[in-house]
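**Q** Top line first, the protein sequences correspond to chains A and B.
Counted from 1, the first sequence has number 173 at position 173 by our numbering; the numbering is strictly sequential.
Position in the second sequence counted from 1, then plus 1000, gives you our numbering.
Number of protein chains: 2
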Amino acid sequence: MKKRSMPLSKVYGLLEPGPVVLLTTAWKGQPNVMPMSWLTMLEFSPPQFACVVSNRNHSFDALRKTRQCVVNIPTAELAEQVVGCGNTSGRKVDKFKRFGLTPLPAATVEAPLIDECYANLECRVIDTRMVNKYSLFVLEATKAWIASGAKRPRTIHHEGRGMFIVAERRIKLPSVKL
Amino acid sequence: MKKRSMPLSKVYGLLEPGPVVLLTTAWKGQPNVMPMSWLTMLEFSPPQFACVVSNRNHSFDALRKTRQCVVNIPTAELAEQVVGCGNTSGRKVDKFKRFGLTPLPAATVEAPLIDECYANLECRVIDTRMVNKYSLFVLEATKAWIASGAKRPRTIHHEGRGMFIVAERRIKLPSVKL
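1) Tell me whether the stretch 47-67 of chain A and the stretch 19-29 of chain A touch, counting them as touching only if at least three CB pairs, one residue from each stretch, are closer than 8 Å.
2) Once DSSP output is grouped into helix, strand and coil, what is the label at Ser-1059(B)?
3) In whole angstroms, give me the CA-to-CA distance for Pro-1035(B) and Asn-55(A).
4) In or out: Gln-30(A) buried (at least 16 other Cβ within 10 Å) or exposed?
5) Do Ile-165(A) and Ala-79(A) have their CB atoms nearer than 7 Å?
6) Can you list, in chain order, the residues of its chain whose CB lies under 6 Å from that of Leu-1178(B), leaving out five sequence neighbours each side?
7) Answer with buried or exposed for Lys-1095(B), where buried requires no fewer than 16 other C-beta atoms within 10 angstroms of its C-beta.
8) Give, in chain order, every residue of the stretch 1021-1035 of chain B whose Cβ lies closer than 9 Å to some Cβ of chain A.
9) On the criterion of 16 or more Cβ atoms from any shown chain inside 10 Å, does Ala-1119(B) qualify as buried, or is it exposed?
10) Which stretch, first to last residue, makes up the beta strand (DSSP E) that contains Asn-87(A)?
11) Taking Cβ positions only, does Leu-1121(B) come closer than 7 Å to chain A?
12) Could you tell me which of His-1158(B), Pro-1007(B) and Arg-1170(B) sits nearest to Tyr-12(A), measuring between CA atoms?
13) Hey, how far is the Cα of Met-1163(B) from the Cα of Pro-153(A)?
14) Decide yes or no for the touch test of the stretch 81-91 of chain A against the stretch 46-53 of chain A: beta carbon pairs closer than 8 Å, at least 3 of them.
15) Here's the rule I'm using: 16 or more other beta-carbon atoms within 10 Å means buried, otherwise exposed. How should Thr-1088(B) be labelled?
16) Closer than 6 Å by C-beta to Arg-1090(B): which residues in its own chain qualify, once you throw out the five before and the five after it? Chain order, please.
17) In this structure, how does DSSP classify Val-20(A) when only helix, strand and coil are distinguished?
18) Expressed to the nearest angstrom, what Euclidean distance is found between the alpha-carbon atoms of Arg-4(A) and Pro-105(A)?
19) Measuring alpha carbon to alpha carbon, tell me which residue in Pro-1174(B), Pro-1074(B) and Thr-1142(B) is nearest Cys-1123(B).
20) Is Arg-1064(B) helix, strand or coil when you go by DSSP?
21) Quick one, which of Ser-135(A), Cys-117(A) and Arg-129(A) has its alpha-carbon nearest Trp-145(A)'s?
22) Please name the residue, chosen from Leu-173(A), Leu-101(A), Gly-86(A) and Ile-126(A), that lies closest to Cys-69(A) on a Cα-to-Cα basis.
Spelled out as structure tokens, the structure:
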């Protein structure tokens, strides 16, 4: 998918609406991917956010040890692969091969970009003090990519038990000081 | 709006998809409300989540001092009031009166429920160690209310600059172990 560099100051607009993302890591040359919905913005610029990665996830060790990852944002076309990635473990399966996802080299981290995702955020872990208690990692985006001409992407938002909201309808309201 | 008590174990399904919420607080008998999009689940049961409330917000002091709040979830019918609440300050305005929102007494906290919101989560602040650095409060829901027969609510998800995704289309995918 053809992508362009995106200003880091615009990253919040991709994550604030709460889409499911695919977190990629790499450890000893072995890439892995997991879906993630438990994420919040913390700061606009530089874009910082916090996300929950459980120590039951195979990605946990790679994230904690390498302190690098990529937050990839899929659209509805990838919904089945997202669910599949959530129902398999990188301990047993190469999820990229299994689900036909294409890893591409990132510019600033060792973890791969997922070509099929419309946006990719290269991130570094900047704070692990909340990991032991909440499995909460604080990330800062170091580089952002977005598909050329990506307008109104059909992101998916998990409601639990396989139900997803699909971002199709949008409204614009004037943000006027009253 | 007629509401019923909701099992706390189901609360994550309301917040995980990332809707804008209206945070209500009360301080010295004065209720206030602010929109909030920077929130993530931390734990399923008891439902714990983390949210960002800046010390520039009038709600910050009430939340920190009372350690109580209600997370109210609006639907698209309330979109203009949500934006209005974000463009005014409780320092100057009674937002309930200004925007026609009805405060109702909660069962376990002093902060009010917003009658017009389809779901209301009564919460206590359980951890403030991330407030100084990230304005991040850790909350635990103590009581949850949902509108009777609320199915597929049209929540709104903020993309920035007045753009919102409206939850209208949903898909269900089987969550099968592969």
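Note that CB positions come from ideal geometry on N, CA and C, so glycine has one too.
**A** So, from the data block:
1) Cβ pair count under 8 Å is three or more, so yes.
2) Reading the second sequence from its first residue, position 59 is the one you call residue 1059(B). The answer is helix: DSSP assigns Ser-1059(B) an H, G or I state.
3) Within the second sequence, residue 1035(B) is the residue found at index 35, counting from 1. Within the first sequence, residue 55(A) is the residue found at index 55, counting from 1. Each residue's alpha carbon lies about 32 Å from the other.
4) Reading the first sequence from its first residue, position 30 is the one you call residue 30(A). Taking all protein chains shown into account, Gln-30(A) has fewer than 16 neighbouring C-beta atoms within 10 Å of its C-beta and is therefore exposed.
5) Position 165 of the first sequence, counting from 1, holds the residue named residue 165(A). Position 79 of the first sequence, counting from 1, holds the residue named residue 79(A). Cβ distance not < 7 Å, so Ile-165(A) and Ala-79(A) don't count as in contact.
6) As a working mapping, residue 1178(B) is identified with position 178 in the second sequence. Legend: pLDDT at Leu-1178(B) = 47, less than 50; position of this residue unreliable, value from coordinates given subsequently. Closer than 6 Å at the Cβ level, and outside the excluded window around Leu-1178(B), lies no residue.
7) One-based indexing of the second sequence puts residue 1095(B) at position 95. When all chains shown are included, Lys-1095(B) counts as buried.
8) Flagged: no residues at all.
9) Here the question's residue 1119(B) lines up with position 119 in the second sequence. Buried, since its Cβ has 16 or more Cβ neighbours within 10 Å.
10) Taking the first residue of the first sequence as 1, we reach residue 87(A) at position 87. Run containing Asn-87(A): none; DSSP gives neither H nor E here.
11) As a position in the second sequence, residue 1121(B) is number 121, starting the count at 1. Interface with chain A (7 Å Cβ-Cβ cutoff): Leu-1121(B) is excluded.
12) Counted from its first residue, the first sequence places residue 12(A) at position 12. Comparing Cα positions, the closest option is His-1158(B).
13) By one-based count along the second sequence, residue 1163(B) stands at place 163. By one-based count along the first sequence, residue 153(A) stands at place 153. Distance between the alpha carbons of Met-1163(B) and Pro-153(A): 13 Å.
14) Result no; under three Cβ-Cβ pairs closer than 8 Å.
15) Looking up residue 1088(B) in the second sequence gives position 88. That one is buried.
16) One-based indexing of the second sequence puts residue 1090(B) at position 90. One point to set straight first is that residue 1090(B) is Gly, not Arg, in the sequence displayed. Excluding sequence positions up to five before and after Gly-1090(B), its CB lies within less than 6 Å of the CB of Asn-1032 and His-1058, all in the same chain and listed in chain order.
17) For the purposes of this step, residue 20(A) is identified with residue 20 of the first sequence, where counting begins at 1. Secondary structure of Val-20(A) (DSSP, three-state): coil.
18) Locating residue 4(A) in the first sequence gives position 4, counting from the first residue. Locating residue 105(A) in the first sequence gives position 105, counting from the first residue. The alpha-carbon separation between Arg-4(A) and Pro-105(A) amounts to approximately 14 Å.
19) The residue labelled residue 1123(B) in the question sits at position 123 within the second sequence. Of the listed residues, the one whose Cα sits closest to Cys-1123(B) is Thr-1142(B).
20) Here the question's residue 1064(B) lines up with position 64 in the second sequence. The answer is helix: DSSP assigns Arg-1064(B) an H, G or I state.
21) For the purposes of this step, residue 145(A) is identified with residue 145 of the first sequence, where counting begins at 1. The shortest Cα separation from Trp-145(A) among Ser-135(A), Cys-117(A) and Arg-129(A) belongs to Cys-117(A).
22) Residue 69(A) sits at position 69 when you count from the first residue of the first sequence. The option with the nearest alpha carbon to Cys-69(A) is Ile-126(A).
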